[in-house]
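Asker: Per the working numbering, the very first residue in the sequence shown carries number 13; after that it's consecutive.
Starting off with a structure, shown below.
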Amino acid sequence: MRIALAIVLACASVAQAGDLTKEECLDAHSKGQDAKEAGKISLARKLFLTCAQSGCPNLVQGDCARFADDLGRLQPTISFAARDSAGADLPDTTVYVDGVLVVTRIDGEPHDVDPGNHTFKFTNAGRDQVVTVVVGSGEKGRTVVGTFPAPEAPKVILPTTLSKAPPPRPTSHTTHAPAAKYLIAGGGLAALGGAALSFYGYSKIPANCTLSTHECAAPPGDPSFGKAKSAVKDVDYGMVLGGVGLAALAGGLIWYATSGHEEHDTSLVVGPNSVGLKTSF
Numbered sequence: 013m014r015i016a017l018a019i020v021l022a023c024a025s026v027a028q029a030g031d032l033t034k035e036e037c038l039d040a041h042s043k044g045q046d047a048k049e050a051g052k053i054s055l056a057r058k059l060f061l062t063c064a065q066s067g068c069p070n071l072v073q074g075d076c077a078r079f080a081d082d083l084g085r086l087q088p089t090i091s092f093a094a095r096d097s098a099g100a101d102l103p104d105t106t107v108y109v110d111g112v113l114v115v116t117r118i119d120g121e122p123h124d125v126d127p128g129n130h131t132f133k134f135t136n137a138g139r140d141q142v143v144t145v146v147v148g149s150g151e152k153g154r155t156v157v158g159t160f161p162a163p164e165a166p167k168v169i170l171p172t173t174l175s176k177a178p179p180p181r182p183t184s185h186t187t188h189a190p191a192a193k194y195l196i197a198g199g200g201l202a203a204l205g206g207a208a209l210s211f212y213g214y215s216k217i218p219a220n221c222t223l224s225t226h227e228c229a230a231p232p233g234d235p236s237f238g239k240a241k242s243a244v245k246d247v248d249y250g251m252v253l254g255g256v257g258l259a260a261l262a263g264g265l266i267w268y269a270t271s272g273h274e275e276h277d278t279s280l281v282v283g284p285n286s287v288g289l290k291t292s293f
């Protein structure tokens, strides 16, 4: 196939070369060298076959013929194959090389490619398989295979029987008398206030007076007696207030502890044939 292709190209080039001018022969010679340096062996070889014809100057013709022969040895060739998962051939497969359509049906014939990395896309019955291959310089007759897996079987969704889920269990929580909370808070504040007042009164007692004996080391009529009396009164009021607060706090705690009772929430019950509300007691 490669030889036949070269002959066809050569014949086509002969037909064209008869009409080529000297400048066109030189242009093909120059472009062929540029394509060769860029690694585009297929394009370079085609250009050299063009300027290797007898219609071109002898010097150009000789160079082009030699270059075309050298590139013919470097030109890689590949063939294609497409198979299914069982290994059966799929000849009705389209092949693209680097995005360019190359064949619409696989016949096993070799095709020229440039050396390097290539992407081959095989398309069959609406399915694609992509193969990436690195082709070496001078590699001949390499076969690139696209294997198509077996199509996935359609998923069958079987009907399921809904199981009777148990009704949700009602939730419950414990509540206490609201007034007990206020009594606890008020008693606590009163106890703290009484303690603060007693401490304040105690701090006002003059240094020359003693609370335990209610006596002051001062002559009659000294102002320390009046200050001591006022301070003792604050201490007494604070103790009374603190005592009342402690009693209220203790009573509130007892009330809170004994007043708690459990309350149940009403829940929605869905049965197989009915829907209703259920409350547990």
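Note that beta-carbon positions come from the ideal geometry of N, C-alpha and C, so glycine has one too.
Values in this document were obtained by computation on a predicted structure and should not be read as measured data.
(1) Using the three-state DSSP reduction, which class does D126 fall into: helix, strand or coil?
(2) What separation, rounded to the nearest whole angstrom, lies between the Cα atoms of D234 and A203?
(3) According to DSSP, D140 sits in a beta bridge with which residue or residues?
(4) Which parts of the stretch 43 to 90 are runs of the alpha helix (DSSP H), unbroken and 4 residues or longer, counting only runs that do not cross its ends?
(5) Which value, in whole angstroms, describes the spacing of the CA atoms of G120 and L113?
(6) When the distance is taken between beta carbons, is A197 closer than 7 angstroms to W267?
(7) Kindly list the residues whose CB is nearer than 6 angstroms to the CB of G264, restricted to its own chain and excluding five residues on each side of it in sequence; keep chain order.
(8) Confirm, please, whether the CB-CB distance from P69 to V125 is below 7 angstroms.
(9) Could you check where the beta strand (DSSP E) with L102 kicks off and where it finishes?
(10) What are the boundary residues of the alpha helix (DSSP H) that includes T270?
(11) Buried or exposed for I118, please, with buried defined as at least 16 other CB atoms from any protein chain shown within 10 angstroms of its CB.
(12) Taking S210 as the reference, which of A98, V244, E227, A40 has the closest Cα?
(13) On a CA-only basis, which of G111, T144, S224, I90 is nearest R154? Give me that one, please.
(14) For A240, which residues from the same chain have a beta carbon less than 7 angstroms from its beta carbon, with the 5 sequence-adjacent residues on both sides left out?
(15) V147 and F132 look like a contact to me (Cβ under 8 angstroms); what is the Cβ gap, rounded to whole Å?
(16) How big is the Cα-Cα spacing for F134 and P163?
(17) Using three-state DSSP, classify A197 as helix, strand or coil.
(18) Report buried or exposed for N129, applying the criterion of at least 16 other Cβ atoms within 10 angstroms of its Cβ.
(19) Using 8 angstroms as the threshold, is the stretch 34 to 43 in touch with the stretch 63 to 77, meaning 3 or more CB pairs across them?
(20) Using the rule of at least 16 other Cβ atoms within 10 Å of the residue's Cβ for burial, across every protein chain shown, is A64 buried or exposed?
(21) Under three-state DSSP, which class holds L209?
(22) Give every residue of the same chain whose Cβ lies closer than 8 angstroms to the Cβ of A85, excluding the five residues on either side of it in the sequence, and list them in chain order.
(23) Look at the Cβ atom of A94, then the Cβ atom of G158, and state whether they are nearer than 7 angstroms.
Answerer: In this structure, then:
(1) Within the sequence shown, the letter at position 114 stands for residue 126. Of the three classes helix, strand and coil, the one that applies to D126 here is coil, per DSSP.
(2) Position 222 of the sequence shown, counted from the start, is the residue given in the question as residue 234. Position 191 of the sequence shown, counted from the start, is the residue given in the question as residue 203. It is roughly 34 angstroms from the alpha-carbon of D234 to the alpha-carbon of A203.
(3) Here the question's residue 140 lines up with position 128 in the sequence shown. BP columns for D140 point to T135.
(4) Correct list: 53 to 63, 70 to 86.
(5) Reading the sequence shown from its first residue, position 108 is the one you call residue 120. Reading the sequence shown from its first residue, position 101 is the one you call residue 113. Roughly 16 angstroms separates the two Cα atoms.
(6) Along the sequence shown, one-based indexing puts residue 267 at 255. Along the sequence shown, one-based indexing puts residue 197 at 185. Pairing W267 with A197 gives a Cβ-Cβ distance that is not under 7 angstroms.
(7) Locating residue 264 in the sequence shown gives position 252, counting from the first residue. Same-chain partners within the cutoff: A192, L195, I196, G199.
(8) Start at 1 with the first residue of the sequence shown, and residue 125 comes out as number 113. Start at 1 with the first residue of the sequence shown, and residue 69 comes out as number 57. Contact check for V125 against P69 fails: the beta carbons are separated by 7 angstroms or more.
(9) Here the question's residue 102 lines up with position 90 in the sequence shown. First-last for L102: undefined, no H or E at that position.
(10) Here residue 270 refers to the residue found at position 258 of the sequence shown. Residues 235 to 270.
(11) Walking along the sequence shown from the start, residue 118 turns up at place 106. I118 is buried by the Cβ-count criterion.
(12) The count along the sequence shown starts at 1 and reaches residue 210 at position 198. Checked all of A98, V244, E227, A40; the closest Cα to S210 is V244.
(13) Start at 1 with the first residue of the sequence shown, and residue 154 comes out as number 142. Nearest of G111, T144, S224, I90 to R154, Cα basis: I90.
(14) Walking along the sequence shown from the start, residue 240 turns up at place 228. So the qualifying residues of the chain are I217, P218, C221, C228.
(15) Walking along the sequence shown from the start, residue 147 turns up at place 135. Walking along the sequence shown from the start, residue 132 turns up at place 120. So it is not a contact: roughly 10 angstroms between Cβ atoms.
(16) Taking the sequence shown and counting its residues from 1, the one referred to as residue 134 is at position 122. Taking the sequence shown and counting its residues from 1, the one referred to as residue 163 is at position 151. Rounded to the nearest angstrom, the two C-alpha atoms are 16 angstroms apart.
(17) What you label residue 197 is simply residue 185 of the sequence shown in a count that begins at 1. Note: A197 maps to helix in three-state DSSP.
(18) What you label residue 129 is simply residue 117 of the sequence shown in a count that begins at 1. With fewer than 16 Cβ atoms within 10 Å of its Cβ, N129 is classed as exposed.
(19) Short answer: they touch.
(20) Working through the sequence shown from its first residue, we reach residue 64 at position 52. Buried, since its Cβ has 16 or more Cβ neighbours within 10 Å.
(21) Counting from one through the sequence shown, the residue named residue 209 turns up at place 197. In the structure shown, L209 adopts helical secondary structure according to DSSP, grouped into three states.
(22) Translated into the one-based positions of the sequence shown, residue 85 becomes position 73. Checking the displayed sequence, the identity of residue 85 turns out to be Arg instead of Ala. If we look at R85 and ignore the five residues flanking it on each side, its Cβ neighbours are G150.
(23) In the sequence shown, the residue the question calls residue 94 occupies position 82. In the sequence shown, the residue the question calls residue 158 occupies position 146. In contact: A94 and G158 (Cβ atoms closer than 7 angstroms).
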